[in-house]
Amino acid sequence: MADDDSSNTKSVHNVVGIDVGGTFTDIAVLEDGKLTVHKLPSTPSDPSKGILQGVQETGVTSAEFVHGSTVATNALLEGKGSRTALVTTMGFEDVLEIGRQNRSELYNLEMDRAPALAPWELRFGLPERIDHTGSIVEDLGIEAVTTLINLLEDHKVEAVAVSFLFSFLNTTHEEMVMSALERMKSPPYISISSRVLPEFREYERASTVVVNAYVGKVMSQYLKELEEPLGKGLRVMQSSGGSITAGLASEQPVRTILSGPAGGVVGAFYTAVQAGYPDIITVDMGGTSTDVSLCPGEIKETTSANIGGHPIGVPMIDIHTVGAGGGSIARIDAGGALVVGPESAGAEPGPVCYGSGDKLTVTDANLHLGRLLPSQFLGGRMTLDRPRVKGFMDELAAEMNSDANQTALGINRVVNANMERAIRTISLERGYDPRLFTLVPFGGAGPMHACELAQELGIPRVLVPSRPGILSALGVAIADIVKDYSRTVMLRGIDLDPVRIEQEFEGMEGLARTEMSG
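Take the sequence shown: its letter number 296 is residue 296 in my numbering, and every next letter is one higher.
The following block contains the structure:
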């Protein structure tokens, strides 16, 4: 679907924003303030195929390409990352298992935590120690590093995360291990905490660097395939709402875990500010999930996210995700209740109305209720099969002792309830009254559910962007170039010195100026 809109877009010279969702790939082309959009089905087996096909169909040959990617996210959530080892200070091998010793579900006696990405047999402690001042208490010997390399080779490790105690104050030992690993005959993907997250709190730092290593090989190979046809100017959206180079994204893919959803929040906030409503709640309902975020006059960030049970300490836009999308599958559970999601039909085979799927989805319910025009889907390039949906809806209705219309309405009520809970989580549970905000729905399915959500939550106003289906791609295209820097400085309260603090800031400023100018 291609369309033009010359109003209310930032004047950017030839930038292409690309957002790959579970069902569709969206492309937004900004050329001298003029917006052209394009949409096509995603290719889950290889997302790059859909991207390159879409770019070819837009006719763009030379541009700055900015990509909102779900590759790292999917690798983490689906458990399809690399075989990863954790190298840490001896005695701290089980930091991923011990964590903070708190329970996310206090009264669930059968709760299972997400398994560690680096299993116990791939966690190695080395005899080294750096103290809280950065001084070396126990030096790391070359013999220990040699033994480590032999063990890694024996275990056929594909990625290595290195996180020593107090390495954020003295990087010597981590750099030493990294240098040795790089000289291996078949070097693994290497990630060290002093480069990824040079901050204190060893659990969050170790978890972040392990996630980075786990998804690193998948992400770097994917971006390498894209860089050849799209050029070295390819940039990737990061979770904090700004873009980084493909090279940095390959080195620190953990910064792209919420890449696509972040682009949606940027696009929604930009649109809302232009319309004069800076206090918003965003609802991004795509094919597989719904992402919600609350923006009280600004885009909120967090450095304490938890994705798939794994703490991540790098900056991210504060986004809450639930398994409620247009492709979410409706079914009857063992107790006879109607359940929607979190499983999704995705792009292949897709909803029943696509012609090949055999499980009813939210999209099918909306089509049955007349909320979608069968002949106008995807700009008229795809016709939805309403009679086929009717047959499947009748079957599900018979199971529920209901009629087809009530069953379709029931599917919508269930998925709306899931989204309502997500909005309450980011608003009421954090002290914000949703009645003081404007609801901004987008994504392929968001606007169809917005009025019902607003009514249930008492939200007085709904702002639907003119191109809601490609807002994430637009957000990716207009996002600033951003690189985040952080550093932990260990000082006692009585030793706080403004001059020392300023020196540390100047050091990070100098590094930023050097790297950003290069």
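Glycine included, every Cβ here is placed at the ideal spot set by N, Cα and C. As the structure is a computational prediction, the values presented were derived from the model and not from experiment.
Cβ-Cβ separation, residue j to residue i (assumed contact under 8 Å), whole Å
i      : j      : result
Gly125 : Gly79  : With a Cβ gap of about 25 Å, Gly125 and Gly79 do not count as contacting.
Gly370 : Val415 : About 17 Å separates the two Cβ atoms, so there is no contact after all.
Val209 : Ala180 : Not quite, the Cβ-Cβ distance comes to about 17 Å (not below 8 Å), so this is no contact.
Gly326 : Ala445 : 4 Å
Ala305 : Ala28  : Contact doesn't hold; Cβ gap of about 26 Å is too wide.
Val322 : Thr290 : 5 Å
Ser293 : Val265 : 5 Å
Gly242 : Val482 : 2 Å
Asn412 : Ala365 : 6 Å
Ala477 : Val66  : 6 Å
Ala268 : Leu471 : 6 Å
Pro311 : Tyr203 : 7 Å
Cβ shell of residue i (< 8 Å), same chain only, five flanking positions each side left out
i      : result
Ser167 : Ile130, His173, Glu174, Ile192, Ser193, Ser194 and Pro198
Tyr189 : Ser82, Glu158, Ala159, Val160, Ala213, Gly216, Lys217 and Ser220
Thr84  : Leu117, Ala118, Leu122, Val157, Glu158, Ala159, Val160, Ala161, Val210, Ala213 and Tyr214
Buried/exposed call for residue i, threshold 16 Cβ in 10 Å
i      : result
Lys359 : buried
Asn14  : exposed
Glu128 : buried
Lys156 : exposed
Ser69  : buried
His132 : exposed
Asn74  : buried
Asn150 : exposed
Phe505 : exposed
Tyr107 : exposed
Gly50  : buried
N- and C-terminal bounds of the alpha helix (DSSP H) containing residue i
i      : result
His173 : Thr172 to Glu182
Thr288 : No alpha helix (DSSP H) contains Thr288, which DSSP labels as neither H nor E.
Arg123 : Where Arg123 is concerned, there is no enclosing alpha helix (DSSP H), although the beta strand (DSSP E) it sits in stretches over Arg123 to Leu126.
Ser193 : Ser193 to Val196
Val499 : Pro498 to Ser517
Pro261 : Ser259 to Ala275
Val95  : Val95 to Ile98
Met490 : Neither: Met490 is in no alpha helix (DSSP H) and is coded neither H nor E.
Gly54  : Pro47 to Thr58
Close Cβ partners of residue i (< 7 Å) along its chain, the five nearest in sequence each way excluded
i      : result
Ser11  : Because Ser11 sits at a pLDDT of 39, beneath the cut-off of 50, its placement in the model cannot be relied upon, and the following sentence gives the value as read from the coordinates. Result list for Ser11: Asp32 and Gly33, in chain order.
Pro44  : Gly346, Ala347 and Glu348
Gly308 : Leu76, Leu77 and Ala114
Close-in-space but distant-in-sequence residues of the same chain around residue i (CB under 6 Å, 5 per side omitted)
i      : result
Gly443 : Asp284, Met285 and Gly286
Asp3   : For Asp3, the predicted structure reports a pLDDT of 45, less than 50, and the residue's modelled location is therefore unreliable. A value from the coordinates is still provided. Within the same chain, Asp3 has close Cβ partners Val37.
Phe377 : Leu384
Glu452 : Asn416
Gly493 : none
Gln101 : none
Val162 : Val87, Glu174, Val177 and Ile192
First through last residue of the beta strand (DSSP E) which encompasses residue i
i      : result
Asn14  : Note, Asn14: premise wrong, no beta strand (DSSP E); not H, not E.
Leu338 : Leu338 to Ser344
Phe392 : Run containing Phe392: none in the beta strand (DSSP E); it sits in the alpha helix (DSSP H), Arg386 to Glu399.
Ser243 : Ser243 to Thr245
Thr88  : Thr84 to Thr89
Leu428 : Run containing Leu428: none; DSSP gives neither H nor E here.
Glu41  : For the record, residue 41 in the displayed sequence is Pro; it is not Glu. Note, Pro41: beta strand (DSSP E), Lys34 to Pro41.
Arg25  : Per the sequence presented here, residue 25 reads as Thr, with Arg not at that position. Phe24 to Glu31 is the extent of the beta strand (DSSP E) around Thr25.
Inspect the CB distances between the segment 455-462 and the segment 435-445 and report whether three or more fall short of 8 Å.
-> When C-beta atoms of the segment 455-462 are compared with those of the segment 435-445, three or more pairs fall below 8 Å, so the two segments count as touching.
Are the segment 248-261 and the segment 306-315 touching, with three or more C-beta to C-beta distances below 8 Å?
-> Judged by Cβ distances under 8 Å, the segment 248-261 makes contact with the segment 306-315, as three or more pairs qualify.
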